[in-house]
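The numbering of the sequence shown is this note's numbering, which starts it at 789 and goes up by one.
C-beta atoms are modelled at their ideal positions from N, C-alpha and C, and glycine is treated no differently.
In this text the structure is predicted, and so the values were computed from the model without any measurement.
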Amino acid sequence: MKKIRKIDISRRNFMKGMALATGAGVLAGCAPKLVETAQPASTAEEVAATQDWLGKEPVIDNISETIESDVIVIGAGTGGAYAAASCLEKGLKVVILEKNATVSTLRNDWGAVDSKWQLEEGVKLDRAAILHYHQMYCANRIDSRLPKIWLKESAAAINWIGELLISRGARFYYEGGYEPDFSPATYPKFPTGHSGDFDEGVTGASIMQGYIEELGGKYYFETPFIKFEHEGKKVTAAIAQNKEGKYLRFVGKKGIVLATGGYQGNPEMLNALMPHDVMIMAKPAPGPNTGDGIKACLWMGAAMDEVHTSMIFDRMGLLPNETPATMTKPTLFWWGSQPWLKVNLLGERFTNESIPYDFIVHAAAKQPGKCYVCVFDSDYFNQIQQFQTVGCSRIFPFPNGSPNDRTGTDMAVIEQRANESVKGWLESGHLQQADTFEELAKKLNIPEKTFAATVARYNELADKGVDEDFYKDSYRLLPLKKPPYYGIRCTGMILSTMDGIRIDTQMRPLDSENVPFEGLHVVGDSSGGYFAHTYPNLFTGYCNGRNTTYCRRVARILAGEPVELPEE
789 MKKIRKIDIS RRNFMKGMAL ATGAGVLAGC APKLVETAQP ASTAEEVAAT
839 QDWLGKEPVI DNISETIESD VIVIGAGTGG AYAAASCLEK GLKVVILEKN
889 ATVSTLRNDW GAVDSKWQLE EGVKLDRAAI LHYHQMYCAN RIDSRLPKIW
939 LKESAAAINW IGELLISRGA RFYYEGGYEP DFSPATYPKF PTGHSGDFDE
989 GVTGASIMQG YIEELGGKYY FETPFIKFEH EGKKVTAAIA QNKEGKYLRF
1039 VGKKGIVLAT GGYQGNPEML NALMPHDVMI MAKPAPGPNT GDGIKACLWM
1089 GAAMDEVHTS MIFDRMGLLP NETPATMTKP TLFWWGSQPW LKVNLLGERF
1139 TNESIPYDFI VHAAAKQPGK CYVCVFDSDY FNQIQQFQTV GCSRIFPFPN
1189 GSPNDRTGTD MAVIEQRANE SVKGWLESGH LQQADTFEEL AKKLNIPEKT
1239 FAATVARYNE LADKGVDEDF YKDSYRLLPL KKPPYYGIRC TGMILSTMDG
1289 IRIDTQMRPL DSENVPFEGL HVVGDSSGGY FAHTYPNLFT GYCNGRNTTY
1339 CRRVARILAG EPVELPEE
């Protein structure tokens, strides 16, 4: 038996060191008016008194048909697929409702602790330190019992999905080979991520749909969910509407699982609840994730997280004369998370660039134009390798040889694609190129002398190997000395919202006094209590790993099996 190598994320070391695909519709150009402040309301009554996005619960009395099954799963996306498959494996009959005509994507990064792949490589993570860092990211505005479920049960959940995908011809990798660094000048990167790789024409979503249908699951496509029927705090049915316009009642004899996602595709709701995030990202645009499940829970008296939170990545490129407020043609600049020099529109450096993905975007909220400029030189491919980023920002294999989920393992191919990306960004007018820093600044519409002085200071620090200004990691403090030089204005892109309906450890929705509703379980981005303020980006695959873990847990509950409480 291979000796387990324990990665020392102990309490003592913890105290020593402190810490693609885009969301649907992100690239569209609509520009809804922003509200000025986010509302702290959480219950249906509080929200309805201050916002108009919630609306009133529809009255439906003309039900055409009642359909019964052991379990009703609302939403055929990532969480819905996990929940449906897991319940079917328990021998439960399952009906899946989906408002779209087909299944949507299956997220392709899974975070776990103690998976079989981690143990095979001798990796043993310290759960206490992981929980501490999670609490720090969220300022502890969470229910700490919820991440403890992931810490204890994610290994079995990710073993399940990995083995299932492999049995269906996919490949499954652990994105490992690195350890957290607890030196004072860095942020620890937790090696939790796993990813899948599929043959051409095959997706994780198609594999899961085939598996679910083989087990007897029945899909109702183009059947959007409308509302719940309930008797007090007992949810008795889900009401949906088919493509003929008829209302159908779906009764889950064992229960209902809500997996409709967040509300990043609902501009009105996003603008009302998250103006603080909307102002630092591409404009909200209509998409499939419209908060339907969250609103239905609020209508019947459930409570929502008070802190409205989104997962933002620093990977949206702007034209050189635009800001988030004026953008007309954003582009996916998927190198945005590389820790190159970044300056504000005054040409000044304003933060450590070697930080979690969305930290630079939040820092830019305090800068002119609420955006910034990313700058690199012609040695970009070598520097990207030296940066050793993790998760989806990495464009080459992980230290253990696993590919990332975008470019494979052939370094010649990866470099060719990188050069093609630069060419494409130049041709679109987003990326600017020049032989001098003054010329580059002029093309980016930032002060030439200030920018040149900023680069000179940055290069001086890089030559010293010590960032005396913002304490950036020395191995990422790389100079800009090889022309031509490149620059691009950047802002954020939203992947998902993460504030949802408050739940207990059985994933049951709660009211404002923490009294649970029976007969309903909420999973994925529809559920709350787990994240606040920001997403812990350096826990690779955390959101999807949590989703997989919770869906497996819900299936055990619906099958009448006992589940361990986090405090046990």
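Leaving aside the five residues that flank P1108 on each side, the residues in its chain whose CB is nearer than 7 Å to its CB run, in chain order, Q1220, K1231, L1232, N1233, R1277. Here DSSP, grouped into helix, strand and coil, assigns H1064 to helix.
Ranking A1320, D1299, G957, A1047 by CA distance to the CA of T991 puts G957 first. Distance from the CA atom of R959 to the CA atom of L1046, rounded to whole angstroms, is 29 Å. Taken through DSSP and simplified to helix, strand or coil, R1137 comes out as strand.
Secondary structure at H982: strand, using DSSP grouped into helix, strand and coil.
Following the DSSP letters along the chain, one finds F1225 inside the alpha helix (DSSP H) bounded by residues 1225-1232.
According to DSSP, residue pairing for H1096 in a beta bridge does not occur. A distance below 6 Å between beta-carbons, with the five flanking residues on each side excluded, links D1255 to the following residues of its chain, in chain order: L1249, L1265. In the structure shown, P1012 falls within a coil segment according to DSSP collapsed to helix, strand and coil. Between T1119 and the set L1308, N1302, I1282, the nearest pair of CA atoms involves I1282. Judged by beta-carbon spacing, G1280 lies beyond the 8 Å limit of M1057, meaning their Cβ atoms are not closer than that value. In the displayed model, M924 falls within a helix according to three-state DSSP.
Assignment of N1192 by DSSP, reduced to helix, strand and coil, places it in the strand class. Using a 10 angstroms sphere on the CB of M1069, the tally of other CB atoms reaches 16 or more, which defines it as buried.
Residue nearest to R895 within the set V1310, V1303, T1328 is T1328 (criterion: CA-CA distance). At a Cβ-Cβ threshold of 8 Å, L876 and T1011 do not count as neighbours. Annotation for R1277: the continuous beta strand (DSSP E) segment containing it runs 1273-1285.
In this structure, the straight-line span from the alpha carbon of K1270 to that of W898 is close to 38 Å.
Note on E1141: 16 or more other CB atoms within 10 angstroms of its CB, so buried under the neighbour-count rule. According to the DSSP assignment, D1251 belongs to the alpha helix (DSSP H) that extends over 1236-1252.
The secondary-structure analysis by DSSP pairs G1040 across a beta bridge with S857. G1050 and S1284 do touch by the CB rule: their CB atoms are close to 5 Å apart, below 8 Å.
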